[in-house]
Amino acid sequence: MAAARGPVGRAARRIAPVVVPVLLAVADALLVNGVELALELWVSVVAAAALLMRRRFPLLVFLFTLPGLYIGYIWFAPMIALYTLSARRPGRARLGICALLLIAAHFFPYPISDLDLSEHRENTLVLIDACVTSAAPITLGLLVRTRRELAVRVEDLTRSLRREDRLLADRVKTTERARLAREMHDVVAHQVSLISLQAGAVQVSTEDEAARTGAKTIRDLSIRTLEELRHMVGVLRAAGGDAEEARGLAPQPDLDELPRLIEMSALDVTYEGGVVAGASGAKTVERAAFRTVQEALTNVRKHAPGARVRVRVDPVDTIRTTHPTGGDGTAVADAARAADTRSADAADEGTQGLRVEIRNGPPDATATALALPGGGHGLVGLRERAQSLGGTLEARPTSDGGFVVRAEFPYGAG
Numbered sequence: 034m035a036a037a038r039g040p041v042g043r044a045a046r047r048i049a050p051v052v053v054p055v056l057l058a059v060a061d062a063l064l065v066n067g068v069e070l071a072l073e074l075w076v077s078v079v080a081a082a083a084l085l086m087r088r089r090f091p092l093l094v095f096l097f098t099l100p101g102l103y104i105g106y107i108w109f110a111p112m113i114a115l116y117t118l119s120a121r122r123p124g125r126a127r128l129g130i131c132a133l134l135l136i137a138a139h140f141f142p143y144p145i146s147d148l149d150l151s152e153h154r155e156n157t158l159v160l161i162d163a164c165v166t167s168a169a170p171i172t173l174g175l176l177v178r179t180r181r182e183l184a185v186r187v188e189d190l191t192r193s194l195r196r197e198d199r200l201l202a203d204r205v206k207t208t209e210r211a212r213l214a215r216e217m218h219d220v221v222a223h224q225v226s227l228i229s230l231q232a233g234a235v236q237v238s239t240e241d242e243a244a245r246t247g248a249k250t251i252r253d254l255s256i257r258t259l260e261e262l263r264h265m266v267g268v269l270r271a272a273g274g275d276a277e278e279a280r281g282l283a284p285q286p287d288l289d290e291l292p293r294l295i296e297m298s299a300l301d302v303t304y305e306g307g308v309v310a311g312a313s314g315a316k317t318v319e320r321a322a323f324r325t326v327q328e329a330l331t332n333v334r335k336h337a338p339g340a341r342v343r344v345r346v347d348p349v350d351t352i353r354t355t356h357p358t359g360g361d362g363t364a365v366a367d368a369a370r371a372a373d374t375r376s377a378d379a380a381d382e383g384t385q386g387l388r389v390e391i392r393n394g395p396p397d398a399t400a401t402a403l404a405l406p407g408g409g410h411g412l413v414g415l416r417e418r419a420q421s422l423g424g425t426l427e428a429r430p431t432s433d434g435g436f437v438v439r440a441e442f443p444y445g446a447g
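Per our numbering, the sequence shown starts with residue 34, numbered consecutively.
Here it is, written out as structure tokens:
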């Protein structure tokens with residue numbers, strides 16, 4: 034079984050359809066005419082050898098086999114040649130003329146002087162035999178050609194059905210995206226707009242400078258959230274989910290936005306930026322770095338209120354890519370195991386890239402923990418984003434009771 038699927042088997046399947054008909058025709062010539070070197074044997078062998086070119090020149094090969102039928106009285110060579118002609122060049126006029134030629138070569142004896150027209154019964158039987166001899170290969174050739182055409186049509190129909198299924202799935206996704214866009218716009222945008230209005234009212238009416246500053250921060254955050262929400266709704270409404278259109282509509286934060294993000298985070302953050310925004314031209318990497326810092330600061334507000342935070346963004350000369358196998362964003366043990374396997378799974382080659390590290394200390398015991406909702410998917414999403422860009426992400430607790438998130442992104446991904 035293995036040999037039949039190997040190179041020898043493939044070569045045999047390619048050569049057999051060419052060689053086997055020739056061998057059958059040669060055997061037919063030897064059985065009918067014997068082994069004596071006579072004219073009958075020579076024309077029969079030439080007719081058999083002509084079958085080697087039957088696929089390239091089916092009509093010419095058929096004409097070469099007719100002397101073998103007329104003089105040598107062989108059947109296999111002309112019938113195989115006529116079958117090939119029927120399967121590859123199925124013109125009605127051509128097949129009709131060739132069928133008449135084969136009938137004539139079969140009906141008339143060699144030499145022609147041996148024809149006895151008075152033998153009506155024998156001549157009728159020979160004529161019927163000649164008609165069947167010419168009709169059988171033509172019918173079989175047309176049947177094989179029709180079968181091939183049907184197979185091609187079935188394959189085309191299958192591809193069309195698959196394409197229709199994909200179009201239907203895309204239409205369903207487009208409809209669902211539009212529904213989600215309406216829900217986000219009607220619910221989330223309305224609530225955030227109310228927050229912005231309330232914050233603006235507080236900012237105008239209060240006399241407390243600290244309250245006014247806080248209200249202004251809330252209003253700015255609300256406006257920024259509305260802008261990003263507007264972009265996201267545009268992405269969801271993009272017909273067919275076109276990638277280029279989605280990239281054009283999506284928010285485009287980069288490293289230039291990090292100081293503003295940190296300022297509005299209301300956390301004790303030390304920012305150490307060692308890379309110039311846009312210097313590498315890898316905007317995708319900068320957006321990933323921004324989102325990583327954004328999610329890490331959100332986690333600090335949730336789980337470590339009052340903690341001091343240090344954010345570092347540095348270029349690196351060598352990045353080793355890994356491909357972690359998932360994990361739970363709330364499970365520290367899974368994150369630590371992913372970090373431990375990092376060096377074992379690393380690729381041999383490296384590339385220039387960007388390293389982002391967010392490290393926070395232990396929470397302040399006197400600070401009030403905010404009851405912010407969370408689904409436990411933040412770190413999972415960050416890890417998937419890093420993997421999609423060919424980078425890595427490590428998230429683990431530190432010995433002083435804090436937490437560190439470290440991500441590396443190769444610039445080639447941008």
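We treat Cβ as the ideally placed atom computed from N, Cα and C, and that holds for glycine.
Top-ranked residue by Cα proximity to residue i, from the options
i, options, result
"R89", "G101, V78, A81 and A114", "A114"
"P430", "L262, N393, E296 and L422", "N393"
"M297", "D198, R252 and I161", "R252"
"A315", "L64, F442, E209 and P170", "F442"
"V94", "A80, Q231 and V333", "A80"
"R87", "L70, S119 and S421", "S119"
"D301", "C164, A337, P292 and R341", "R341"
"P395", "V389, K335 and G424", "K335"
"S229", "A214, A244, I256 and R439", "I256"
"A138", "L96, H153 and E152", "L96"
6 angstroms CB neighbourhood of residue i in its chain, flanking five on each side removed
i, result
"F109", "L57, A58 and D61"
"A232", "A248, I251 and R252"
"G306", "V346"
"V159", "F140"
Cut-off 7 angstroms between Cβ atoms - residues of its own chain near residue i, not counting five sequence neighbours on either side
i, result
"N66", "E73, L74, S77 and G105"
"L85", "V51 and V55"
"T98", "A80, A83, A110, P111 and A114"
"L134", "L99"
"L200", "none"
CA-to-CA distance, residue j to residue i, given in whole angstroms
i, j, result
"D241", "E328", "31 angstroms"
"D203", "R196", "10 angstroms"
"V221", "L387", "34 angstroms"
"R263", "L288", "21 angstroms"
"A366", "V349", "Confidence at A366 is low in this model, with a pLDDT of 40, below 50, so its placement is unreliable and the value that follows should be read with caution. Near 27 angstroms, if we compare the C-alpha coordinates of V349 and A366."
"K249", "V225", "14 angstroms"
"D361", "A44", "Its pLDDT being 41, under 50, D361 is placed unreliably by the model, and nothing is read from it."
"V187", "D149", "53 angstroms"
"T331", "R192", "48 angstroms"
"G42", "V53", "15 angstroms"
"V237", "L259", "21 angstroms"
"G101", "T157", "22 angstroms"
"I391", "I295", "12 angstroms"
"Y444", "G424", "9 angstroms"
"V185", "E319", "49 angstroms"
"V165", "V177", "18 angstroms"
"V413", "V333", "16 angstroms"
"R293", "R324", "13 angstroms"
"A428", "L227", "36 angstroms"
"D373", "E209", "For D373, the pLDDT reaches just 42, beneath the cut-off of 50, and the residue's location in the model is therefore unreliable, although a value from the coordinates is still provided. One C-alpha to the other measures close to 40 angstroms."
"R212", "E261", "18 angstroms"
"T207", "I130", "60 angstroms"
"Y103", "D189", "45 angstroms"
Under 8 angstroms between C-beta atoms of residue i and residue j
i, j, result
"T246", "G339", "no"
"T303", "R343", "yes"
"Y22", "L173", "Past the boundaries of the shown model lies residue 22; the chain is included only from 34 to 447, so the question cannot be answered."
"I532", "S167", "Given that the chain is displayed from residue 34 to residue 447, the structure contains no residue 532 and the question cannot be resolved."
"R125", "L92", "no"
"V268", "M217", "no"
"R418", "A321", "yes"
"A337", "V389", "no"
"I161", "A132", "no"
"L175", "P142", "no"
"V235", "A244", "yes"
Endpoints, alpha helix (DSSP H) assigned at residue i
i, result
"R439", "No alpha helix (DSSP H) holds R439; the beta strand (DSSP E) holding it covers F436 to P443."
"T166", "H153 to E216"
"D61", "P40 to N66"
"T239", "No alpha helix (DSSP H) contains T239, which DSSP labels as neither H nor E."
"L426", "Per DSSP, L426 belongs to no alpha helix (DSSP H); it is in the beta strand (DSSP E), T425 to P430."
"A82", "L72 to A83"
"G101", "P91 to Y103"
"S119", "F109 to R121"
"E290", "Note, E290: premise wrong, no alpha helix (DSSP H); not H, not E."
"I136", "R125 to F140"
"V221", "Run containing V221: none; DSSP gives neither H nor E here."
"L412", "G411 to S421"
"L330", "K316 to H336"
Beta strand (DSSP E) segment containing residue i, residue limits
i, result
"G306", "D301 to G306"
Beta-carbon proximity list for residue i, same chain, < 8 angstroms, skipping 5 on both sides
i, result
"V68", "L74"
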